[in-house]
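Since the structure comes first, as structure tokens, the remarks are kept for the end.
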Amino acid sequence: MEPPAGPSLGPYDYDLLVIGGGSGGLAVAKEAAGLRRKVLILDLGAPSLRGAKRVLGGSTLNVDSVRKFLQHSSLLGKALQDSENYGWKLKDHVSHSWTQLVEAVEEQRRRSSEELRRELKRCGVFYLNARGEIVAPHTVEATEVSGRKRRVTAETLVVATGDRPQYLGVPGGAEFCITSEDLLCLPRPPGRTLVVGGSAEGLECAGFLFGLGVQVSVMLQPDVLPGFDRKMAQKIENHMLVSGVDFLYHCSLDKVEQTEGSSDDFTSETLQPVSRKALRVTFITKEGQSEQEDFDTVLLAVGKRACTSDIGLECVGVQSRQDSGKVLVNERDQTGVDHIYAIGSVQHGRPSTTGLSVHAGTLLARRLYRGDSILCDYTNVPTVVLTPLEYAACGLSEERANLTFGEDSVEVYHSYYWPLEWELPARNKNSCYVKVICHIPDQERVLGLHVMGPNAGDVLQGFVAAMKCGLTKEQLDATVGIHPGSAQVLTSLTQTQRMSEALMVRGNC
């Protein structure tokens, strides 16, 4: 919906102007329009270094949907292997087509983005495909793709530009490496791949590719899933390691060079070796030795930077972190400039998930235009890591709980479980795992809940609501489990880590 021409009826052209099409910004825009405010969104998704285009929709369409599609594609391969145990007879050789996957995902993103534009129009939100730059306290300059510029004014500004993966400052890092958002730009299967970084993003990409038949190595920098529960991270690492993903420990990337090479593709798209430009990776070991190894693709998963460097924050005195570009905000999502707010992954020191951004954006609009006073609760934010064995968590890690309350005041209930659908193919009997972290003095109130297994995010969702209401272990035990189903394991936990450790010391486990 294009902004209307002609003079404004009030002191400003718009009540609210959102810079960026992030999930939180879209939420605040739609809610504000529903409250009869005049709203404009400026969003111009600049392509990545490899040409990956961003569509309107923020993380929902540019990251999360792609993550889920790739995870599901990789898991379907394993399901096909299991299907014979359920009586299915596959007549032909089953193979995977990288090209068909990429085309299908891109087409779905395009359709979803077009539907989002139609939704904004129905809501009464004006949208302009343009880059926004703050040039005065209430004035933003919009630069369209054609180069045309126009200036618009708004009473309130919201920054929702999101973030993007970073490149490493090593020789060849920007020239020859890709990031997670570049995966779908590859014209053919990635071939032998090195994933640099053990973040959630890195492990997810490694899992997707391995599930599609790619030979994958992960170079940890420095650890697996930093910020997550250590024991859960180690279990995920172990599962991937046993499955066949290679891990390079205590190494650092030194440089990436291009060299002529030949490798065999791994799908039905070609049955002959394909001559391609191989990448020679030089890395430094823990002992300081320089080693080299050849890969077809090097994918960097070494963190993200907020997209705030060119939107004029410094012009009006909005403070941001120099290292990350993230914006400093208060508990009301407000920057140091009263009429400018920031939502989503551009915020400094806040967890970042799409669901949280949408929730925070909706509450912000209601505070601004409905007189509400409810602030977004940035504690106990649920999150999911789409590794081959999915991991979902809400609340504190075991390490954080012990540090906050002391080990003597924390009880950890845990259990392995075997999903019923995995029993016939006899798959991974002791892989799926849950643990519930409780605060003993507070009636064993649940501080953290962690699930590792199929559809862990869906399993956890209902328990997140219970945690918001102060869930205790007693209430969890009093909950009737749904059988057959995996979530019921959380309603019947009797083993504690103290008990398990005592058994191990006595040699009974």
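For the sequence shown, the positions run 54 to 562 when this note's numbering is used. We put the CB at the ideal spot given by N, CA and C, even for glycine.
Does residue i pass the burial test, meaning 16 or more other C-beta atoms within 10 Å, or should it be called exposed?
i	result
S315	Here S315 scores only 48 on pLDDT, less than 50, and its place in the model should not be relied on; the value that follows carries that caveat. Exposed: under 16 other Cβ atoms inside 10 Å.
V558	exposed
K174	exposed
I535	exposed
A132	exposed
D430	exposed
L324	Model confidence at L324 stands at a pLDDT of 36, short of 50, so the residue's coordinates are unreliable and nothing is read from them.
I289	buried
R203	exposed
Y486	buried
Y139	exposed
P494	exposed
M505	buried
R162	buried
Taking the Cβ atom as the reference point for each residue, do residue i and residue j lie within a distance shorter than 7 Å?
i	j	result
E257	Y65	no
L449	G501	yes
A105	C238	yes
S539	V512	yes
R120	L421	no
T361	V399	yes
P242	W141	no
G378	A359	yes
I337	S296	no
V71	V277	no
G365	G264	no
T350	G244	yes
D391	L417	no
V178	A82	yes
A157	T415	no
S126	L154	yes
F348	L273	no
S101	D235	yes
V437	G510	yes
F229	L352	no
How many whole angstroms separate the CB atoms of residue i and residue j, which I take to be in contact at a CB cut-off of 8 Å?
i	j	result
T196	R184	5 Å
V497	T532	Note that residue 497 is Glu in the sequence shown, not Val. The pair is not a contact, with the Cβ atoms about 14 Å apart (cut-off 8 Å).
E452	R283	6 Å
L301	S270	6 Å
K308	T335	5 Å
V369	V380	Actually they are not in contact, since the Cβ atoms of V369 and V380 sit about 12 Å apart, beyond 8 Å.
Q124	F281	About 18 Å separates the two Cβ atoms, so there is no contact after all.
Near residue i, what residues of its chain come up, given a Cβ to Cβ distance below 6 Å and the 5 sequence neighbours on each side ignored?
i	result
T113	S76, T407
Y466	V489, L546, T549
S321	A caution first: S321 carries a pLDDT of 41, below 50, which makes its placement in the model too unreliable to give a value.
D425	R419
E254	S233, A354
D117	T407
C176	K83, A86
G59	Note that G59 has pLDDT 49, beneath the 50 cutoff, so the model's placement of it is unreliable and no number is given.
P224	K308
E346	V334
K482	W471
Which residue or residues does DSSP assign as beta-bridge partners of residue i?
i	result
R170	Paired residue(s): none; R170 is not in a bridge.
P41	Within the shown structure, residues of the chain are numbered from 54 to 562, placing residue 41 beyond reach of any answer.
L69	V92, T209
E310	R333
A132	In the DSSP output, where bridge partners are listed per residue, A132 has none listed.
M552	In the DSSP output, where bridge partners are listed per residue, M552 has none listed.
T246	V269, T350
Excluding the 5 residues preceding and the 5 following residue i in the sequence, name in chain order all residues of the same chain whose CB lies nearer than 7 Å to its CB.
i	result
S166	V108, L109, G110, L114
S484	H292, L442
K91	Y67, D68
D135	P478, R480
M520	N433, C447, G448, V499, L502
G523	R498
Q541	G534, I535
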